[in-house]
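Engineer: In the working numbering, the protein residues as written are 139 to 432.
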Amino acid sequence: MFFTLKQPYPFETEVTKSLKANAALGIFVALFLLVFQPFQINQWETEYKALKIIGYGMVTFLVPTLMFLGLKMFFSLEKIEKSWTVGKEILFLTFYILGIAIGNTFFSAYLGIVKISPKVFLGFVPIVVCVGIFPVTARVLIYYQWYKEKNKKGALVLESEMKVYNTEEQLSYKPITKEILFLAENEKDAITLPSENILYLESLDNYSKIVFINQENGIQHVVLRGSLKRFESQISTTFIQRCHRSFIANLHRVDKVTGNAQGYKLIFKQENLEIPVSRNYGQAILSIVGSKKH
C-alpha cells in the first residue's frame, strides 16, 4: 500500500479541464439537493428555496476552482506534475472536500441555518475527513490502476509502431538530412542543426533548451530566448514532433517507450535520456508513426 502511494499519478494542469470538472461537480450537487432534498432540506421552509439550494452547488464549484487557481498562481503546475503521486492526489482531494465543507458551512451561516463557532468546526471537520477519505482513496486507487494498465498497453503499441515507422523509412530510401535554423526571439542568436542530430527541445519559461548530438563532443545543448511554440514553427520535418507542453522530440532517436499512470515516456539511446508524453499528444504521435509517411 505504501509503495502504491509513492507511485506517479496524473495531475491536471489545464485550467479549462479543471473548470469543467468543478462545474460538473457543482451541477451534480445542486441537482442532487434539489431532487432528493436530504439533510432535512425537504422540511426547510424559506423564500427562494431553489435558488438557495443551487447556492450550495455554486460554492461546490467555486471552492475547488479558487484552490486550483491559487495553486497555479503561486506554483509551477508543470513542476508539481513531475513529482505528483497517488498519495499526494488522495491528500489533495481530501483538502478539496474539506474546503467545500467549510465553504458550505459559511454559506449555511449566511443563510441563517447555523451559527459559526469552534464547536461547529470541531464537530464536522473530523467527520468530513474520516468519511471523505475512504471514497477518495478508493477512487484514486481505481483510477491509478486503470491509467497504469492503459498507458502500459499504449506504450507497447506506440513503441512497436515507432520501430516499424523508423525501419521502413530507412529501408525505403536514404534519408536526406535537412538542416533546421533555430532563430531566437531577438532575431540575432541562432543555431543551425542537422535534423537527425536533434534529440529534443525543452521549454524553460521564456527560453528553450535544444539538446542535440555533436559528432565530436557527444550530447550538447544550447539555450535560446523564445517560446517552444516559436521554435516548433521553425521545424519542417514531421518526425520532430511536440509530445508535451514542455517538450518536442525527434521520433527517429527514440529507442523505447514506457508507460505509467501519468502517461508515456520516450527513452533515447543516448545516455538513457527520457522525456514525458502528455495525454493530449500521445494519440497524435501514434497517428503520425502509424501513417508510415515522412
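In this text, a Cβ means the ideal position worked out from N, Cα and C, and glycines have one as well. Being a predicted model, the structure only gives us computed values, none of them experimental.
Kindly indicate the opening and closing residues of the beta strand (DSSP E) around Arg380.
Structural biologist: Sequence index remark: in the sequence shown, residue 380 carries index 242 (1-based). Taken as a continuous stretch (DSSP letters only), the beta strand (DSSP E) holding Arg380 covers Ile378 to His382.
Engineer: Is the stretch 281-290 in contact with the stretch 407-414, if contact means three or more CB pairs nearer than 8 angstroms?
Structural biologist: Too few Cβ pairs lie closer than 8 angstroms, so no.
Engineer: Between which two residues does the beta strand (DSSP E) holding Phe369 run?
Structural biologist: The residue labelled residue 369 in the question sits at position 231 within the sequence shown. Not the beta strand (DSSP E): Phe369 falls in the alpha helix (DSSP H), residues Leu366 to Glu370.
Engineer: Sort Asn335, Ala247, Ile254 and Glu150 by Cα distance to Glu354 and report the nearest one.
Structural biologist: As a position in the sequence shown, residue 354 is number 216, starting the count at 1. Out of Asn335, Ala247, Ile254 and Glu150, Asn335 has the C-alpha closest to the C-alpha of Glu354.
Engineer: How would you label Ser346, buried or exposed, when you count the other beta carbons within 10 angstroms and need 16 or more for buried?
Structural biologist: Taking the sequence shown and counting its residues from 1, the one referred to as residue 346 is at position 208. Burial call: buried.
Engineer: I need the straight-line Cα distance from Leu171 to Ile191, nearest angstrom please.
Structural biologist: Position 33 of the sequence shown holds residue 171. Position 53 of the sequence shown holds residue 191. Those two C-alpha atoms are separated by around 7 angstroms.
Engineer: Count the other C-beta atoms from every protein chain shown that fall within 10 angstroms of the C-beta of Ile413, then say buried if there are 16 or more, exposed otherwise.
Structural biologist: As a first step, residue 413 is located in the sequence shown; it is residue number 275 there, counting from the start. Buried: at least 16 other Cβ atoms inside 10 Å.
Engineer: From Ser425 to Tyr419, what does the alpha carbon distance come to, in whole angstroms?
Structural biologist: Your numbering for residue 425 matches position 287 in the sequence shown. Your numbering for residue 419 matches position 281 in the sequence shown. Taking the straight line joining both Cα atoms gives about 10 angstroms.
Engineer: Could you tell me which residues DSSP pairs with Gln445 in its beta bridges?
Structural biologist: Since the displayed the chain opens at 139 and closes at 432, residue 445 lies outside it and no answer follows.
Engineer: Ignore the nearest five residues each way along the sequence and tell me which others in Tyr311's own chain have a CB closer than 7 angstroms to its CB.
Structural biologist: For the purposes of this step, residue 311 is identified with residue 173 of the sequence shown, where counting begins at 1. Residue confidence for Tyr311 is low, a pLDDT of 49 falling below 50, so the modelled location carries little weight; the figure read from the coordinates is stated next. Excluding sequence neighbours, Tyr311 sits near nothing in its chain.
Engineer: Quick one: what's Arg363 bridged to in DSSP?
Structural biologist: Counting from one through the sequence shown, the residue named residue 363 turns up at place 225. Bridge partners of Arg363: Tyr345.
Engineer: Can you give me the Cβ contacts of Lys144 inside the same chain, cut-off strictly under 6 angstroms, excluding the 5 residues immediately before and after it?
Structural biologist: For the purposes of this step, residue 144 is identified with residue 6 of the sequence shown, where counting begins at 1. Excluding positions up to five away in sequence, the list reads Thr223.
Engineer: In three-state DSSP terms, what is Pro148?
Structural biologist: By one-based count along the sequence shown, residue 148 stands at place 10. Coil, per DSSP.
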